[in-house]
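What follows is a short report on a single structure.
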Amino acid sequence: MEVLLRYGRDDLLVNLPAQTDVILPRTLPGLADEPAALRQALRQPIQSPPLGELVGPGKTVVIVHTDITRATPNERILPVILAEIEAAGVAREDITLLNGLGTHRPQTDSELRQLLGAEIVANYRCLQHDCHDDDNLVSLGQTMLGHPVRLNRHYLAADVKILTGFIEPHFFAGFSGGPKAILPSLAGVESVFSNHSRHMITHEQARWGITEGNPIWEEMRDVALASKPDFLLN
């Protein structure tokens, strides 16, 4: 039996035994007007003022986005966010897009254009987090578990901090998205390694879909709250 699998950005044809059961996902239609749905979410958010009320002339804004290892449609989300904050009077030179790499390698120029869109890369300040760059990491002390917390200086210095991300089950953090936009995405290497340590990962609650009682997710949440983000779009 031949089965065609999605593999990276291509397809992979695999040969399997004839008795293999193939389980196909249920396909659902997408949004009829995706930009309009995003604008509505920004203007009618959950437990938050509209994004346009949080920003304004003279304010500096940082937008944290995921890297190429995540399926977040940055090239579709970011133009809507940028249009919304610029319509509220934020100057383009006061906007920074920050690639939340965690401990991953930086994207190449071509990868960054693919990730964000060539127009955004050409017209906005685009930075990439470096977990080893001591000059661009600021200490916030320690977590309740005694783990060191250092976060990206450019993020902390902004007047308005906007997080974006992609929610899916995670095999030891419970779920991706949410606070993971801060830890590990914008953290120093020692903060990531202590949160992702063997002791933490082997905890009985560190598993798929579990947040309550999961020490990894709860520490991520605490660090994210301490970093004082202003808005989240997942």
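Every letter in the sequence shown is one number past the one before it in the working numbering, and letter 96, counting from 1, is 79.
Every residue gets a Cβ at the ideal spot worked out from N, C-alpha and C, and that includes glycine.
| Check | Outcome |
| --- | --- |
| In terms of alpha-carbon separation, which member of G157, P212, K163, L123 lies closest to M203? | K163 |
| Counting pairs of Cβ atoms below 8 angstroms between the stretch 83 to 93 and the stretch 60 to 69, do you hit three or more? | no |
| Determine the extent of the alpha helix (DSSP H) in which S177 is found, giving its start and end residues. | 172 to 178 |
| Can you grab the Cα-Cα spacing for the pair L123 / L99, in whole Å? | 30 angstroms |
| For M183, I'd like the list of residues in its chain whose CB is within less than 7 angstroms of its CB, leaving aside the five on either flank, ordered along the chain. | A189, P198, I199 |
| Mapping DSSP to helix, strand and coil, what is H87? | coil |
| Could you tell me which of V(-14), A1, G(-9), L37 sits nearest to L215, measuring between CA atoms? | L37 |
| Rounding to the nearest angstrom, what Cα-Cα distance links P212 and I145 in this structure? | 6 angstroms |
| Bridge partners of V44, per DSSP? | I78, V143 |
| Cα separation between D142 and S177? | 29 angstroms |
| Going straight from the alpha carbon of T49 to that of A15, what length do you get? | 25 angstroms |
| For F254, list the residues DSSP reports as bridge partners. | Residue 254 lies beyond the residue range present for the chain, which begins at -16 and ends at 217; the question has no answer from this structure. |
| State the beta-bridge partners of G135 as determined by DSSP. | Looking at the sequence shown, residue 135 is not Gly but Asn. L120, per the DSSP bridge assignment. |
| Output the distance between the C-alpha atoms of L139 and L169, rounded to the nearest integer angstrom. | 10 angstroms |
| Should L34 go down as buried or exposed, given a rule of 16 or more other Cβ atoms within 10 Å for buried? | buried |
| Rounded to a whole number of angstroms, what is the C-alpha to C-alpha distance between Q23 and R136? | 31 angstroms |
| Tell me the start and end of each unbroken beta strand (DSSP E) in the stretch -11 to 38 that is at least 3 residues and wholly inside, in chain order. | -7 to -2 |
| On the DSSP bridge assignment, give the partners of R108 in chain order. | T79 |
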